[in-house]
Amino acid sequence: MSVDKTAKAGSNGNGNGSVLKSRWENMPKQFRWAGMIALVIFLYLLPFKEFYLYLGIPMGDFYLPFYTARTEMAQVLFDTAVFVLLAVGLNVVVGFAGLLDLGYYGFFAIGAYTVALLTSPESRLDVTWPWLAAVPVAVIVTLIGGVILGGPTLRLRGDYLAIVTLGFAEMIRLYAARNEGILQGQRGIPSIPHPPGEVNGDAIFGVTDARPYYWLALTIIILVVFGVRNLARSRVGRAWVAIREDEDAAQIMGVPTFLYKLAAFAIGAAVGGLSGALFAGNRGFINSDSFLLENSILVLAAVVLGGAGNIGGAIVGAAITWYLPEWLRGVGSSLGLEFDPAEYRIAVFGLVLIVMMIFRPQGIIASKRRAAEFEDRRKEAVASE
Amino acid sequence: MTGLEQGAIYALVALGYTLVYGVLRLINFAHSEVFMIGTFTTMWVWGWMGIDQNTKIDSVGQMVMLIVIGLVAGAAASAVTAVTVEVVAYRPLRRRNAPPLAFLITAIGASLFLAEMIGIFTKRAPFGPPRIIEPAVAFAIGPFKVTNTQILVLLVALLMMAALDQFVNRSRMGKGIRAVAQDPDTAALMGINKNRIILLVFVLGGAMAGVAALLWNVRYGFTKFNVGFLIGLKAFSAAVLGGIGNLRGALLGGLLLGVVENYASGLFGGEWKDFTGFVLLVILLMFRPTGLLGESLGRARA
């Protein structure tokens, strides 16, 4: 793991965050590692009640808590973690390769349904695999799904891809909702087993305590992030950047663009499938209502908000997108406000997308390369204004 | 016949996609919401005039008046919405020469925002606009029964499309649209106000969506905050089917999609109806990515 060479180039003025960022990047490597490890430990400790109860900002005699007062903290954390995993996967497609995939939640659904079908004793497929065995199958199925969907559409321009993927996700949901056969329609598939493991005869992954799920999801996120990060810094990652910046030029320089685009699409899909599998393992029940289209777009909003092309950005964006409304729900009620932030969530994020694209297209935590790309385009001459 | 009728509505909405795409090379995701706002506006205008679901409409004169008023209101509201989206969201991006991805994301943002605001405002409840015309079989050709709403929908849709086609092909402003579609920079050099043309395109597209919204109300008598989504998807498929950026292509694509969909739902069952359009789109994109009649608003008739 070498220090990023671009770090030295830092601070060419992309917003206020860059000062902090370049300071962070100029610190010794050991120090940065220590910082990351501290952050990870903090995240692992987060679901302990004794820990998070004391996080917060005292404001006079009013105490502004950091945890979600209305909903169970560990469950919210798990959902956030699943969402973060989705964002990390989508970031590969949208951020690295620059392909706009609006049907990302479709892969999430495929992953979840694959697990459900293979494991649940109540599914129409007469097999009851353990959860752990079904997960790799789910990942492979979504990978293949990504290739099948990407094959015909990735040859076309980016806009077509957007609409086809959007249609794809909605069709999966509609099909799941209306098909009474194998997917069991609105009734869904119940009694999906939880992940395995026992301590003193009690299952680790039970129904009452969401903490083990969160830890599992967090571990998976860390593994996936490492994998994706290494990939992005390899030959594959450079090819993606080349495609994103100028597909024709990349093709001329000998990059097999179609293959790399397909790879990005399939990898993103596989990560989506993995998070779907996690989700199914936690809930134990899925039906078509678990896969609403708005979530597809929320993930995209999260990636764009955080900063497409930057893994850290995707994580932060996703955490904000999911955690903030849940947190506001609790805070709002303790402040005496009676409203449901989740109701306004999508409208607000729609607005955020517009505003972000105009004023800070590179996101909160920008990838330096991407920010530079936007700057470049801005400088190009624009006729007729 | 049901297929043609549905296809006519798809085609009207598809015109909006095609116009904007032809000029800006942008898939205007917010267009489905423009349509949705049209359905609500016609309903509200009727409601404000004291017409609700229980009102009995007897005279033909009153009926025609209501439809014309609904048409104007729907078209106006939709056009205003479309223009607002363009001015607020797209124009600043154009000034910054943003990449296409940024436009697309903005369009999605605008679509979400509009749909959700109406959703919150209407408490996400479905609404039933008043039935202006009781559907009745007007005449029959062999085994095909033709109802009066179908005649109305087809007639109005074809009329609007013919008018639009003539406008783009004959008038001075239409020439401007075609010029900008062909080559925006050269058109600007030739003294065409690009922004005004783009605005005009949004007005036209929005008005068409408004008309489609009225016809939808007359035909289905149902609306909801997310009603635009599926229509938008279908209309876009129709536009691509006929060759996006091509006005006559949108008409052909819309009608074709409507017919094929209904045929397929008869063949495989209703649950597959929405699937067909989508599968059709993917297959077509594989073999003929520019659609049936070819792309480009300007070039097709240059």
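Taken in sequence, the protein lines are chains A and B.
In terms of numbering that gives the first Met the number 0, the first sequence opens at residue 0 and continues consecutively.
In terms of numbering that gives the first Met the number 0, the second sequence opens at residue 0 and continues consecutively.
For glycine and all other residues, C-beta sits at the position ideal for the given N, C-alpha and C.
Against chain B, a Cβ distance below 9 Å from T118/A picks out nothing, because the smallest value is about 26 Å. Counting other Cβ atoms within 10 Å of its Cβ, P135/A stays below 16 and is therefore classed as exposed.
Residues of chain B with a Cβ closer than 9 Å to the Cβ of G349/A are, in chain order, I107, G108, A109, S110, L111, F112, L113, A114, E115 and M116. One Cα belongs to A10/B, the other to A178/B, and the distance between them is close to 23 Å.
Listed along chain B are V281 and L284, each with a C-beta nearer than 8 Å to that of T152/A. Secondary structure note for P98/B: it is in no alpha helix (DSSP H), with a DSSP letter that is neither H nor E. For Q5/B, the number of other beta carbons within 10 angstroms of its own is at least 16, and it is reported as buried.
At least 8 Å separates the CB of I171/A from every CB of chain B.
When beta bridges are read from the DSSP output, T222/B appears opposite F126/B. Straight-line measurement puts the Cα of L153/A at about 10 Å from the Cα of Y259/A. Across the structure, K193/B and L14/B are spaced so that their CA atoms are roughly 20 Å apart. Residues of chain B whose Cβ lies closer than 8 Å to the Cβ of L99/A are, in chain order, L100, L103 and I104. Here the alpha carbon of G21/B sits roughly 15 Å from the alpha carbon of A237/B. A residue is called buried when at least 16 other Cβ atoms come within 10 angstroms of its Cβ; R171/B does not meet this threshold and is exposed.
Put simply, the stretch 207–227 of chain A touches the stretch 81–89 of chain A. At least three CB pairs are less than 8 Å apart. The Cβ-Cβ distance between A265/A and G105/A does not fall below 8 Å. Between the beta-carbon of A262/A and that of V235/A there is about 7 Å, and that keeps the pair under the 8 Å contact cut. Only A88, P91 and L92 from the stretch 61–92 of chain B bring a Cβ to less than 7 Å from some Cβ of chain A.
Take the alpha-carbon of V83/A and the one of G349/A: they are about 19 Å apart. Annotation: the continuous alpha helix (DSSP H) that includes I143/A extends over W130 to T152.
Assigned with DSSP and collapsed to three states, T121/B falls in coil, not helix or strand. Using a Cβ distance threshold of 8 Å, A81/B and F201/B count as a contacting pair.
Counting of Cβ neighbours within 10 angstroms places D273/B among the buried residues, the total reaching 16 or more. Using a Cβ distance threshold of 8 Å, I119/B and F39/B do not count as a contacting pair. Assignment of alpha helix (DSSP H) within the stretch 172–244 of chain B, counting only whole runs of 4 or more residues, yields 183–188, 193–219 and 226–241 in chain order.
Close CB contacts of P183/B within its chain, under the 7 Å cut and outside five residues either way in sequence, are with K193 (chain order). Burial is judged here by how many other beta carbons sit within 10 angstroms of a residue's own beta carbon; V217/B has at least 16 and is buried. Between G280/A and chain B, the shortest Cβ-Cβ separation is not below 8 Å. When secondary structure is reduced to three states using DSSP, V12/B falls in the helix class. Y103/A does not reach chain B, its nearest Cβ partner there being about 13 Å away, counting only Cβ pairs nearer than 8 Å.
Per the coordinates, the alpha-carbon of A33/A lies some 38 Å from the alpha-carbon of V140/A.
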